[in-house]
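Trainee: Numbering (my numbering), first residue to last: 9 to 416.
Supplied in structure tokens, the structure appears directly below.
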């Protein structure tokens, strides 16, 4: 078998070591950044943190044990870990894919139905608890039907199913719930989000300058690339390993194929590498996460003056719209942020978060349509909570004061 070649093993060891270090570092950093700042405790960030926790489990349990077992040719970690490692691996994969699905669904509702109340933080935590509970229950057979036995003085950790039919049915069901259904849901959500954002960009009222049109086109391209990357990486990362596992369940002789172990390790390494991509896709490309990363890691060029120390001075999280979390965040130094709710003339019934003059946040303030101020409407995209901002002058406000604001 080519996998027994020392050079091939050295290459895989280097690859798995890189995945382990990068994945562990990136996901621990995500958890730390969210934990240290209460302003980061939003629905989307809770899902991202849960994804990071599942990726940490994958890094610590799936990345090192699988190649070591194959390269050593025996199981040296004892009977308890024989059952626990496989069980924890399967559980963490379930948690990871279901959390990615939850993030896609949450962003779908935020973009497609912007005037409906956002998911509450308590609801988000309940969903996360359900994900963990389902994952722990659904993967019990993986931990139960493992056999730690000695053959010719060597210990092995192998699957021992009650029957071949049970193995095939359970393996097929796992592949459908763990990959096929989440992939369909994620693809559907992000395609709809992309279409909606494109339509929204074309239907913005008012004249546009060439610079504004160019900025809109670039923003749309960037968002679409991000959505395509999310779907593509999810599919490319997990599809090969699921195909290998299904083939292994359907055909008992796959282990005798010449390049089976090589194909398995290639697909397994690709799947495990998702632990490195996720922090980048779902956290680093978010402006608020990136700002916090720069505070934690000086090597990324964080500022050390008053601007750096006063994070909350120009970074706001609005949570007061009828008790619903709107999570409107902006890095503008001087702005008025209005939640995307339906106004009721002659007053704009909107919760205003004011940062004029560097003062504190005025919660529950009402803004009259005749006030000579700059109004900013904030919209969400798939890549981050706030990525583009359109300004309406006083005339635009007067023109729309009898109509709901159109979300940009």
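Even glycine gets a Cβ: it sits at the ideal position worked out from N, Cα and C.
#1: Measuring alpha carbon to alpha carbon, tell me which residue in 37, 10, 191 and 98 is nearest residue 302.
#2: Report all residues from its chain with a CB closer than 6 Å to the CB of residue 13; omit the five preceding and five following residues, and keep chain order.
#3: Could you check what DSSP says for residue 49 in three-state terms: helix, strand or coil?
#4: Per DSSP, residue 155 is paired with what?
#5: Smallest Cα separation from residue 255: which of 271, 41 and 49?
#6: Per DSSP, what kind of secondary structure is residue 198 in: helix, strand or coil?
#7: Let me know the secondary structure DSSP gives residue 123 once reduced to three states.
#8: Classify residue 4: buried if its beta carbon has 16 or more other beta carbons within 10 angstroms, exposed otherwise.
#9: From what residue to what residue does the alpha helix (DSSP H) around residue 237 run?
#10: In chain order, which continuous runs of the alpha helix (DSSP H) of length 4 or greater are located wholly inside the stretch 40-102?
#11: Which residue's Cα is closest to the Cα of residue 59: 133, 88, 9 and 172?
#12: Out of 286, 31, 115 and 97, point me to the one whose CA is closest to residue 240's CA.
#13: Hey, residue 69 and residue 97 are a contact pair by Cβ (cut 8 Å); roughly how many whole angstroms apart?
#14: Measure from the alpha carbon of residue 195 to the alpha carbon of each residue in 45, 269 and 244, then state which is nearest.
#15: Would you check if the distance between the CB atom of residue 151 and the CB atom of residue 94 is smaller than 8 Å?
#16: Less than 8 Å separating the beta-carbons of residue 168 and residue 153?
#17: Can you tell me whether residue 88 is buried or exposed? The criterion is at least 16 other CB atoms within 10 Å of its CB, across all chains shown.
#18: Taking 8 Å as the cut-off, does the stretch 264-283 touch the stretch 23-38 (at least 3 CB pairs, one atom from each stretch)?
#19: Where residue 117 and residue 304 are concerned, what is the direct C-alpha to C-alpha distance, given to the nearest angstrom?
#20: Go to residue 175, then tell me how far its alpha helix (DSSP H) extends in each direction, as first and last residue.
#21: Does the distance from the C-beta atom of residue 300 to that of residue 41 stay below 8 Å?
#22: Nearest by alpha-carbon distance to residue 120: which of 204, 131 and 186 is it?
#23: Ignore the nearest five residues each way along the sequence and tell me which others in residue 105's own chain have a CB closer than 6 Å to its CB.
#24: Could you check the C-alpha separation between residue 237 and residue 107 for me, to the nearest Å?
#25: Among the candidates 48, 72, 46 and 15, whose CA atom is the shortest distance from the CA of residue 281?
#26: In this structure, how does DSSP classify residue 291 when only helix, strand and coil are distinguished?
#27: Mind checking which residues open and close the alpha helix (DSSP H) that includes residue 272?
#28: Take residue 250 and list the residues in its own chain whose beta-carbon comes closer than 6 Å to its own, dropping the five residues that flank it on each side.
Mentor: On the basis of the data shown:
#1: 37
#2: none
#3: coil
#4: 166
#5: 271
#6: helix
#7: coil
#8: The shown model of the chain, from 9 to 416, leaves out residue 4, and the question about it has no answer.
#9: 218-258
#10: 51-65 and 71-80
#11: 133
#12: 286
#13: 5 Å
#14: 244
#15: yes
#16: yes
#17: exposed
#18: yes
#19: 32 Å
#20: 172-183
#21: yes
#22: 204
#23: 186 and 190
#24: 17 Å
#25: 72
#26: helix
#27: 268-280
#28: 183 and 187
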